[in-house]
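First to last, the protein sequences are chains A and B. Counting from 1, one number per residue, gives the positions in the first sequence under the working numbering. Counting from 296, one number per residue, gives the positions in the second sequence under the working numbering. Contents: one structure, followed by commentary.
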Amino acid sequence: MYHRLSIRQKQIVWAWAFLAVPILFYVVIRFYPTANAMAISFQNWNLLGDRTWAGWANYAKLWNDPVFWKVFRNTFVYLLIGTPVSLVISFVIAYHLDRLRFMHGFLRMLYFLPFMTTAVAMAWVWRWFYQPVPIGLFNNFLATAGIPQVEFLRSTTLALPAILAPAVWAGLGFQIIIFMAGLRAIPRSYYEAARIDGVSTWTILWEITLPLLKPTIVFIVVFSSIGFLRIFDHVFNMTTNDPGGPLNSTKPLVLMIYQSAFSDFNMGYAAAQTVVLFLILLVVSLVQLRILRDN
Amino acid sequence: MVSSVAEIRASSKTLLAPGTPWRPANTGQVIRWLILFAGGVLMVMPIAYMISTSLKWPHEIYNLALVPNEPHLENYTYVLEDGRFYGWFINSLIIATITTISNILFDSLVGYTLCKFRFPGRYIVFIAILSTLMIPTEMLVIPWYLMSQAFGWLDSYWGIMFPGLMTAFGTFLMKQFFETVPDDFIEAARIDGLNELAIWWTVAMPLVRPALAALAIFVFLGNWTAFIWPLIVTNSVDMYTLPVGLSSFGDEADVQWELIMTGAAISTIPTLVVFLVFQRFIIRGVVMAGLKG
């Protein structure tokens with residue numbers, strides 16, 4: 001049978017043979033669950049009882065839930081602080097590191113090392129840093145300097161940035177490396193031409209370097225935004241005694257999803273939240289791609 | 296005599312002139328180096344303090360000194376004594392290794408097929424796989440949990456691993472790299488009578504080794520540090536992965552920070568060591584995966 005096929009037909013047979021298992025995987029482990037999550041978001045279900053159709057009830061409940069709006073706001077605060085701060089810091093470091101040759105590899109290693117750590121482990125390390133005196137490192141430094149104590153993780157205003165800090169810290173190394181690769185890709189002749197024309201370093205940065213780095217910036221902004229919108233490991237581990245606390249001031253959407261589904265077993269409600277998360281990620285990525293590409 | 300000193304000066308000046316790596320005379324560069332060095336030291340401080348505290352006695356953790364007065368490994372013996380951390384370490388190692396192998400095989404096979412074969416439906420399959428990149432894991436955890444419950448996969452290696460056995464990211468990355476393999480090589484192998492599976496494995500795969508390494512690094516690190524899904528799917532202490540185990544251990548050890556730091560060090564040091572050994576290689580891989588993926 002097989003021998004009578006033409007080369008082209010044989011290729012088709014091989015292609016589908018290679019793709020059979022992966023297609024099954026993507027259908028069962030990706031597409032079906034996506035549809036399933038959407039379906040569950042329209043159901044009332046607590047894992048044990050009956051599944052009943054609920055229409056838009058879960059979404060209406062979400063709309064009227066003050067905790068959800070708090071969580072929604074927190075999620076965007078993580079994004080709106082985390083992305084610009086890490087973008088600026090990583091660019092400044094990459095820009096200067098790119099101009100150094102002496103022990104360049106060693107410096108790069110220092111900045112990249114945090115990227116290789118485990119988020120859960122480092123969340124606990126930073127949690128220790130934030131403890132009050134005499135335990136916590138930061139408060140010990142403050143005490144030595146004679147500055148009043150700061151209750152980082154117990155404050156409703158400071159806890160969120162305190163949790164965001166290790167997330168930004170761990171991601172910097174990756175962004176620096178990507179920025180440096182982007183900087184290297186800019187042809188040297190552009191800089192030489194500008195220098196011959198007597199253009200200042202500052203103008204070179206704004207008129208040549210940054211515009212040519214646009215694809216790199218778009219990539220980093222989209223990539224890190226998705227990361228901050230999905231923050232979970234750090235928050236969960238730094239607030240285990242009161243997840244998302246104090247007073248929900250640090251709770252991101254993913255943590256609310258986790259609690260609704262696996263503490264309250266309210267599957268329909270949790271699924272509705274996951275659909276909202278999906279829509280947020282979709283809209284944020286599309287808007288960023290549009291804005292950063294056009295300008 | 297004087298002239299020879301001047302000569303040496305002159306030659307050393309040309310040696311260190313613009314274009315050469317190191318210009319000690321340039322104060323701007325020295326200041327830049329010092330600031331970046333200070334920043335780099337600051338970056339590794341959390342890791343340094345974690346390791347330092349794991350070597351301290353309980354009464355010493357209040358001490359800000361980075362070097363312990365009397366470094367010792369008691370915390371490690373204590374934490375590893377009951378075998379839980381050892382078990383979690385093995386679990387994480389097995390899961391990350393199997394998932395990495397699976398991704399290397401399947402992502403590259405699919406990427407290769409989509410890149411080098413011409414068949415009806417190719418474009419649809421490609422778009423369908425690519426579209427899964429838009430779906431966040433968190434949206435799938437509830438259906439995965441229900442699926443695992445229905446099939447008895449809860450609290451098992453398979454249950455922890457199955458969602459990550461193939462990734463659209465890896466498939467896309469490999470497809471991009473197979474574009475660089477000339478079609479002539481594959482044609483030549485076909486004329487030599489190799490079957491398609493053998494061509495993929497013996498001709499195409501060796502040519503994309505750097506990309507495979509990059510993919511392996513990302514998949515391994517991703518699974519080694521994965522938290523939310525293993526947290527959901529496991530419920531017995533024996534099945535925890537290292538991050539899930541560390542999280543429960545941290546809660547239970549309460550304020551014994553030197554023990555928590557020891558647990559954190561146990562889960563972090565292996566990837567740091569791997570990084571320090573394969574540094575250049577890993578950074579190149581990260582750039583490749585980041586820019587092409």
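We put the beta carbon where it would ideally sit given N, CA and C, even for glycine. Small disclaimer: the values here were computed from a predicted structure and weren't measured.
In three-state terms, what does DSSP make of S306 (chain B)? Indexing the second sequence from 1 puts residue 306 (chain B) at position 11. Caution is warranted here: a pLDDT of 40 is assigned to S306 (chain B), below 50, making its placement in the model unreliable, and the coordinate value is therefore given only provisionally. S306 (chain B) falls in the helix class under three-state DSSP.
How would you write the range of the alpha helix (DSSP H) that Y202 (chain A) sits in, first residue to last? For the purposes of this step, residue 202 (chain A) is taken as the residue at position 202 of the first sequence. According to the sequence as given, residue 202 (chain A) is Trp; it is not Tyr. Here the alpha helix (DSSP H) through W202 (chain A) covers 201-204.
Check each candidate in A:L213, A:L255, A:K10 and name the one with the smallest Cα separation from L87 (chain A). Within the first sequence, the letter at position 87 stands for residue 87 (chain A). It is A:L213 whose Cα lies nearest to the Cα of L87 (chain A).
Does any residue of chain A have a CB that is nearer than 7 Å to the CB of R379 (chain B)? On the second sequence, position 84 is the one that residue 379 (chain B) refers to. Closer than 7 Å: no.
Does the beta-carbon distance from T466 (chain B) to G406 (chain B) come in below 7 Å? Along the second sequence, one-based indexing puts residue 466 (chain B) at 171. Along the second sequence, one-based indexing puts residue 406 (chain B) at 111. Yes, they are a contact pair.
From the beta carbon of E547 (chain B), is the nearest beta carbon of chain A less than 7 Å away? To locate residue 547 (chain B), count along the second sequence from 1; it is residue 252. No, E547 (chain B) does not count as interfacial toward chain A.
What would DSSP say about W53 (chain A), mapped onto helix, strand or coil? By 1-based counting over the first sequence, the position of residue 53 (chain A) is 53. In the structure shown, W53 (chain A) sits in a strand (DSSP, three-state: E or B).
How long is the line joining the alpha carbons of R504 (chain B) and W69 (chain A), rounded to whole angstroms? Here residue 504 (chain B) is taken as the residue at index 209 of the second sequence, counted from 1. Here residue 69 (chain A) is taken as the residue at index 69 of the first sequence, counted from 1. Computed Cα separation, rounded: 48 Å.
With a CB to CB cut of under 6 Å and the five nearest residues on each side skipped, what residues in its chain are close to R195 (chain A)? By one-based count along the first sequence, residue 195 (chain A) stands at place 195. Cβ within range, chain order: n/a, list empty.
With a threshold of 7 Å between beta-carbons, can G314 (chain B) be considered close to chain A, or not? Mapped onto the second sequence, residue 314 (chain B) falls at position 19. Bear in mind that the predicted position of G314 (chain B) carries a pLDDT of just 46, short of 50, making it unreliable; the figure below should be weighed with that in mind. Cβ-Cβ to chain A under 7 Å: no for G314 (chain B).
Alpha-carbon to alpha-carbon, H96 (chain A) and Y190 (chain A): To locate residue 190 (chain A), count along the first sequence from 1; it is residue 190. To locate residue 96 (chain A), count along the first sequence from 1; it is residue 96. One C-alpha to the other measures close to 18 Å.
For G488 (chain B), the first and last residue of its enclosing alpha helix (DSSP H): If you number the second sequence from 1, residue 488 (chain B) lands on position 193. Per DSSP, G488 (chain B) belongs to no alpha helix (DSSP H) and is neither H nor E.
Among A:P148, A:F265, A:T117, which has the Cα closest to the Cα of P538 (chain B)? Your numbering for residue 538 (chain B) matches position 243 in the second sequence. Checked all of A:P148, A:F265, A:T117; the closest Cα to P538 (chain B) is A:T117.
Where does T203 (chain A) land, buried or exposed, given buried means 16+ other C-beta within 10 angstroms? Start at 1 with the first residue of the first sequence, and residue 203 (chain A) comes out as number 203. Label assigned to T203 (chain A): exposed.
Residue from A:F91, A:R154, A:V221, A:G146 with nearest C-alpha to I291 (chain A): Residue 291 (chain A) sits at position 291 when you count from the first residue of the first sequence. The option with the nearest alpha carbon to I291 (chain A) is A:V221.
Check whether I163 (chain A) and V235 (chain A) have beta carbons under 7 Å apart: Position 163 of the first sequence, counted from the first residue, corresponds to residue 163 (chain A). Position 235 of the first sequence, counted from the first residue, corresponds to residue 235 (chain A). Yes, they are a contact pair.
Which residues in the same chain have their Cβ closer than 7 Å to the Cβ of A511 (chain B), if we skip the five residues on either side of it in sequence? Against the second sequence, residue 511 (chain B) aligns to sequence position 216. Within the same chain, A511 (chain B) has close Cβ partners T395, I399.
Check R64 (chain A) in the structure and name its three-state DSSP category. Your numbering for residue 64 (chain A) matches position 64 in the first sequence. The amino acid at residue 64 (chain A) is misidentified as Arg; the sequence shows Asn. Of the three classes helix, strand and coil, the one that applies to N64 (chain A) here is coil, per DSSP.
Assign V287 (chain A) to buried or exposed, taking buried as 16 or more other Cβ atoms, counted over all protein chains shown, within 10 Å of its Cβ. As a working mapping, residue 287 (chain A) is identified with position 287 in the first sequence. It is exposed - the Cβ of V287 (chain A) has fewer than 16 other Cβ atoms within 10 Å.
So that I know if they touch, is there some Cβ in chain B lying closer than 7 Å to that of N140 (chain A)? Here residue 140 (chain A) refers to the residue found at position 140 when the first sequence is read from its first residue. So yes, N140 (chain A) belongs to the interface.
Three-state secondary structure (DSSP) at N241 (chain A)? Position 241 of the first sequence, counted from the first residue, corresponds to residue 241 (chain A). Correct three-state label for N241 (chain A): coil.
Output the distance between the C-alpha atoms of L255 (chain A) and E192 (chain A), rounded to the nearest integer angstrom. If you number the first sequence from 1, residue 255 (chain A) lands on position 255. If you number the first sequence from 1, residue 192 (chain A) lands on position 192. If you take the alpha carbons of L255 (chain A) and E192 (chain A), they lie about 51 Å apart.
Using the C-alpha atoms, what's the distance from A509 (chain B) back to G580 (chain B)? Residue mapping note: residue 580 (chain B) aligns to position 285 of the second sequence, counting from 1. Residue mapping note: residue 509 (chain B) aligns to position 214 of the second sequence, counting from 1. The alpha-carbon atoms of G580 (chain B) and A509 (chain B) are separated by roughly 4 Å.
Excluding the five sequence neighbours on either side, which residues of its own chain have a C-beta within less than 8 Å of the C-beta of T309 (chain B), listed in chain order? Looking up residue 309 (chain B) in the second sequence gives position 14. Here the model assigns T309 (chain B) a pLDDT of 41, short of 50, so the residue's position is not dependable, and the following value carries that caveat. If we look at T309 (chain B) and ignore the five residues flanking it on each side, it has no Cβ neighbours.
Which residues does DSSP list as the beta-bridge partners of N44 (chain A)? Along the first sequence, one-based indexing puts residue 44 (chain A) at 44. Paired residues: A:T52.
Can you tell me which of the three DSSP states A508 (chain B) falls into? As a position in the second sequence, residue 508 (chain B) is number 213, starting the count at 1. Helix at A508 (chain B).
Residues in its own chain within less than 7 Å of G245 (chain A) by CB, not counting five upstream and five downstream? Taking the first sequence and counting its residues from 1, the one referred to as residue 245 (chain A) is at position 245. Taken in chain order, the residues that qualify are T239.
So the candidates are B:T322, B:L350, B:D450, B:W439; which of them puts its Cα closest to the Cα of I561 (chain B)? Taking the first residue of the second sequence as 1, we reach residue 561 (chain B) at position 266. Of the candidates B:T322, B:L350, B:D450, B:W439, the one whose C-alpha sits nearest the C-alpha of I561 (chain B) is B:L350.
What do you reckon, are the CB atoms on Y269 (chain A) and N139 (chain A) nearer than 7 Å? Counting from one through the first sequence, the residue named residue 269 (chain A) turns up at place 269. Counting from one through the first sequence, the residue named residue 139 (chain A) turns up at place 139. Not a contact, by the Cβ cut-off of 7 Å.
For S263 (chain A), name the three-state secondary structure that DSSP assigns. Within the first sequence, the letter at position 263 stands for residue 263 (chain A). Reduced to three states, the DSSP call for S263 (chain A) is coil.
Candidates B:L571, B:L502, B:A463, of which the one nearest I481 (chain B) by Cα: Here residue 481 (chain B) corresponds to residue number 186 of the second sequence, with the count starting at 1. It is B:L502.
Neighbour list for Q11 (chain A) in chain B, Cβ cutoff strictly below 8 Å: For the purposes of this step, residue 11 (chain A) is identified with residue 11 of the first sequence, where counting begins at 1. The answer, in chain order, is F412, R413, F414, E491.
Under 8 Å by Cβ, that's how I've got V275 (chain A) and S90 (chain A) pegged, so tell me the actual separation to the nearest angstrom. Reading the first sequence from its first residue, position 275 is the one you call residue 275 (chain A). Reading the first sequence from its first residue, position 90 is the one you call residue 90 (chain A). That belief does not hold up - the Cβ atoms of V275 (chain A) and S90 (chain A) are roughly 32 Å apart, past 8 Å.
Alpha helix (DSSP H) containing W383 (chain B): first to last residue? Counted from its first residue, the second sequence places residue 383 (chain B) at position 88. Residues 379-411.
If contact is defined by three or more beta carbon pairs under 8 Å, each pair taking one atom from either stretch, is the stretch 569-576 of chain B in contact with the stretch 402-416 of chain B? no
Buried or exposed: which applies to A391 (chain B), given that a residue is buried once 16 or more other Cβ atoms fall within 10 Å of its Cβ? Looking up residue 391 (chain B) in the second sequence gives position 96. Per the 10 Å Cβ criterion, buried.
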